[in-house]
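Residue 237 in our numbering is what sits at position 116 of the sequence shown, and the numbering runs on without skipping anything.
Worksheet: the structure to be examined is printed underneath.
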Amino acid sequence: MLLATKDRVPLPVVVRNMLGLKGVVRLVADLVEDGRASLTTEREFEAARDALSLAAEKNPAVALAALDRFQVVPVTAEGRLVLSVALRAHLDALDHQVVRLVVENGRLSLWSERAWRSSRTGRMELIARTLDGG
C-alpha cells in the first residue's frame, strides 16, 4: 500500500472489523524482524510491557532496548495507521513510501517492499509444491 498523506496507511474496514478495532485505538509494533513489524493491541501487549518494566528496574538497558524494538502505532478514527519516522525507517518507507499490510492467521503485520519481495520466491515454491501434490 502506498502511504497516504501525513505518513498514514489506510486500514480497510474488513480488517478493522476482523481484528475488533473500533474507533481510535493504539497498536504496538514489534520490530524484531528486519523489514517487518508485527502489530498487536495494547491490551495484548500488557503482559510484555509489565515484564519489561520489571526487568528495566533491575537493568536500565532493557528500557533502551524496548524503545528500539517496540513502537506505538495510533489508529485514527478514520481507520488509518499513523507510522512514526522510526517505524517508516524500519520498513524502508522513508524514500519509497510503500508498505505491505499483511493479515495472516488473524494477525496484522507491516512489511517493507524489500522484505516482501525477498521472501516471494519461497511463497511461489510453496504454491508450486502444493499444486503438484507435494
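For each residue, glycine too, the CB sits at the ideal point set by N, CA and C.
Span of the alpha helix (DSSP H) around residue i
| i | result |
| --- | --- |
| threonine 197 | No alpha helix (DSSP H) contains threonine 197, which DSSP labels as neither H nor E. |
| alanine 172 | 163-179 |
| alanine 207 | 206-211 |
| aspartate 189 | 182-190 |
| leucine 215 | Neither: leucine 215 is in no alpha helix (DSSP H) and is coded neither H nor E. |
Per-residue DSSP class, three states only, for residue i
| i | result |
| --- | --- |
| serine 240 | coil |
| valine 149 | strand |
| alanine 158 | strand |
Straight-line gap, residue i to residue j (C-alpha atoms, nearest Å)
| i | j | result |
| --- | --- | --- |
| alanine 150 | aspartate 189 | 11 Å |
| aspartate 213 | leucine 231 | 11 Å |
| leucine 229 | arginine 241 | 18 Å |
| valine 193 | valine 145 | 13 Å |
| leucine 208 | leucine 152 | 8 Å |
| aspartate 128 | arginine 250 | 39 Å |
| aspartate 155 | glycine 254 | 33 Å |
| glutamine 218 | serine 159 | 19 Å |
| alanine 176 | phenylalanine 191 | 15 Å |
Limits of the beta strand (DSSP E) - the one that residue i falls within
| i | result |
| --- | --- |
| serine 230 | 228-233 |
| valine 220 | 220-225 |
| proline 131 | 129-131 |
Supposed contact pair residue j and residue i - C-beta distance, whole angstroms, cut 8 Å
| i | j | result |
| --- | --- | --- |
| valine 203 | leucine 142 | At roughly 14 Å, the Cβ-Cβ gap does not stay under 8 Å, so valine 203 and leucine 142 are not in contact. |
| glycine 200 | valine 134 | 7 Å |
| leucine 173 | alanine 182 | In fact, because the Cβ distance is near 11 Å, the residues do not count as touching under 8 Å. |
| valine 220 | serine 239 | At roughly 15 Å, the Cβ-Cβ gap does not stay under 8 Å, so valine 220 and serine 239 are not in contact. |
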